[in-house]
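Residue numbers (my numbering), protein chains in the order written: chain A, 12 to 423; chain B, 12 to 423. All residues carry an ideal CB built from backbone N, CA and C; glycine is no exception. Note that the structure is a prediction, hence the values are computed from the model and not measured.
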């Protein structure tokens, strides 16, 4: 990737709020202080109208683009789509990404110190919802002096946050791009969440969430949870293409229980790697937030959730081989958005990559996102940041398949 | 279910062989003695031509029909399809079902005593294959004095055994009914197997397979493995129908990590129940046998596997919502069988029940299996057992949806 296609070195920043008044949660509980880790790329224009919020998925972080200062290998999770001339063009837009509350990448979560005890919260951390994550993001947007976001975009759990913004805070956002997501977590999604949680509970090292002061962490359980997740991010077809029945480093069956198939090796490697970067309790809290997500409530009608959003523009994207967030969820969403009289563009992208497609189908995504944002810029008359010169769009980007694959493995 | 629709009380029998000469396995290892648990229903006719072998799935047993002597609740796993006047009509056929080698329902497996040590085999038990399971079944068929089976039938892993019989022992069988299965375990199937195994390995109580003499067994790990399995046996649609987002015994979210959704409760209950009836090491061995299954080898061409099977009749059945063993696997099988010049009937049954459909779509299955077997009886001129009187077929059977559901939960 050439230098000018990246935002370059970035630093993760943080905002702490609710130091005096606690932050009230959907459950009725409250918590404070709350810290959010965030990064920004590009510059705000004069009327602060060019801000785009990117929302991350289950295991993502605020580090969406560029590379962490001093470590060129720590590339952002959506580097393919955020940068100068890319889909989220940092020459034109001020792009923000923050780590969700409950996570473990700098935002307050179960691994954070509870000021009332001086020890990590563990399971004393209150259960948070997608709504709470978004409410915390509003604190950040306020802090940055942004009245209205030009766009909120994200895939998977990121897409749920996008929909929450659009449904519950329509006055703070012009447009929304929910990708490979749902307005209502399905029983199959809940089932996979619960299996992951049960794998963590089953690990004696989890110790009811009290492991932060111990040497042994529930890595074994967390690795199993992640392995289940990895299967669901792929499709049957992409697994056939990627692994088939290939053996790993052997010519024939070993007739033993060592790792033999390439797909086993992939799962084990990624399950193990995940334990080095993620907190098991955060996995519990974030999956729970996803399970609770259901915009059709309390009325039972999804369209009612978007009753106040008719001035918004939506770009809804799903992928044909995504069986975790199947296209029909997006189609139901589009029906509801249409019934609510919003401006909706919908694309069911033909892809073999399953749920991971939202990170892998870079060229298609770049074209889709790019044209939608071009239209927004025209229709909302968005000015460039002072002194900015938009270069020729590099819409057909960047990155080898191996690079894409690595991104998806790390950051879905 | 009325009395005359069941074979009534049955006793599981057992055959022990390889007491002098060890039983040679595909891996090159050998083992002996070997015991197979089996049951039979109905009677052999004079020329021993009316025998049907039923092959069970991953966690099944020899107890396929009737109820265990003294316990009317211990109903066979395919009671809906085996009995007087049912699809596998015990007034006409001599039906056999045996527990596979490697399992834990009376056949020799890792929990059996190794005669060389006087202790349970544990991981010293050799890795077995679908081919080894079928070779052991041949010992049983020989013992019962049956030269040629009229039919071999089974779903899921049972279907793999069916295909193994048809491909590698075509002289011992007239017809084959592989249901909801594949001739080549896919990388996605291997991935789900491996996650289940990793959940067991991750349980410290597993102790590298050495737990038989301990108080604590790897129940937690085995339960997680089973929960993953249960998700894959259902479809997204059947989960929506069966559970939706219904809460279990509560009106609103509890904002805690207790079981809240009905689907969570279902998984936990079934995961736990499974640990009371199944051995964790058997789970490892049987999933490994499935992963190794690939009839396309060694030539790479599936049709070549059936080169000697052109005289066989096949009834291949798949289900539209089965994403674990998707219909296209059955279609590839049908292409290969057609290329090998066999007599094939294929049906892709429209069903919302996912992989479990082979146990739940009783009426459709009864009609399909019944007509195929009727045709076999006519074409192969199969005589009734002495004194037998075939009653009017009860093709549209028996059992409430709740009953079906219970069967599937217990016995898939």
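Reduced DSSP secondary structure (H/G/I, E/B, other) of residue i
i	result
residue 107 of chain A	strand
residue 236 of chain B	helix
residue 100 of chain B	strand
residue 346 of chain B	helix
residue 244 of chain B	helix
residue 198 of chain B	helix
residue 22 of chain B	coil
residue 213 of chain B	coil
residue 152 of chain A	helix
residue 351 of chain A	coil
residue 297 of chain B	helix
residue 475 of chain A	Nothing can be reported for residue 475 of chain A: it is not among the residues displayed for chain A, which extend from 12 to 423.
residue 305 of chain B	strand
residue 326 of chain B	strand
residue 174 of chain B	helix
residue 95 of chain A	coil
Other residues of its chain near residue i: CB distance less than 8 Å, five sequence neighbours each side excluded
i	result
residue 49 of chain A	23, 24, 25, 26, 73, 107, 108, 109, 110 and 151
residue 167 of chain A	68, 69, 190, 191, 192, 336, 366, 369 and 423
residue 130 of chain A	124, 223 and 224
residue 79 of chain B	20, 21, 22, 23 and 85
Test: residue i CB closer than 8 Å to a CB of chain B
i	result
residue 174 of chain A	no
residue 262 of chain A	no
residue 255 of chain A	yes
residue 369 of chain A	no
residue 272 of chain A	yes
residue 123 of chain A	no
residue 285 of chain A	no
residue 213 of chain A	yes
residue 278 of chain A	yes
residue 217 of chain A	no
residue 238 of chain A	yes
residue 303 of chain A	yes
residue 202 of chain A	yes
residue 364 of chain A	no
residue 198 of chain A	yes
Neighbourhood of residue i by C-beta, 6 Å cutoff - its chain only, sequence neighbours within 5 removed
i	result
residue 322 of chain B	none
residue 201 of chain A	302
residue 37 of chain B	140, 142 and 143
residue 235 of chain B	210
residue 427 of chain A	As shown, chain A starts at 12 and ends at 423. That puts residue 427 of chain A outside it, with no answer to give.
CA nearest to the CA of residue i, picked from the options
i	options	result
residue 262 of chain A	A:268, A:272 and A:254	A:272
residue 228 of chain B	B:217, B:382 and B:234	B:217
residue 362 of chain B	B:376, B:356 and B:394	B:376
residue 226 of chain B	B:215, B:195 and B:234	B:215
residue 128 of chain A	A:43, A:186 and A:78	A:43
residue 132 of chain A	A:142, A:119 and A:62	A:119
residue 104 of chain B	B:160, B:143, B:194 and B:342	B:160
residue 186 of chain A	A:35, A:270, A:325 and A:287	A:325
residue 395 of chain B	B:57, B:47, B:33 and B:52	B:57
residue 154 of chain A	A:314, A:29 and A:390	A:29
residue 7 of chain A	A:59, A:96 and A:71	This structure gives no information on residue 7 of chain A, because the portion of chain A shown stretches from 12 to 423.
residue 60 of chain B	B:141, B:156, B:38 and B:319	B:156
residue 277 of chain B	B:289, B:292, B:293 and B:257	B:257
residue 53 of chain B	B:88, B:99 and B:82	B:99
Residue i CB to nearest heavy atom of the ligand NAD below 7 Å
i	result
residue 176 of chain A	Summarising the ligand content, the structure contains no ligands, and the ligand NAD is consequently not present.
7 Å Cβ shell around residue i - same chain, five flanking residues per side excluded
i	result
residue 237 of chain A	281, 282 and 285
residue 94 of chain A	16, 17, 18, 76 and 101
residue 148 of chain A	64 and 109
Cβ of residue i within 8 Å of any chain A Cβ
i	result
residue 142 of chain B	no
residue 266 of chain B	yes
residue 343 of chain B	no
residue 232 of chain B	yes
residue 416 of chain B	At residue 416 of chain B the pLDDT is 42, less than 50, meaning the model places this residue with poor confidence; the figure from the coordinates comes in the next sentence. Closer than 8 Å: no.
residue 168 of chain B	no
Identified DSSP bridge partners for residue i
i	result
residue 86 of chain B	B:78
residue 142 of chain B	Partner(s): none; residue 142 of chain B has no beta bridge.
residue 130 of chain B	B:125
residue 48 of chain B	B:25
residue 276 of chain A	Partner(s): none; residue 276 of chain A has no beta bridge.
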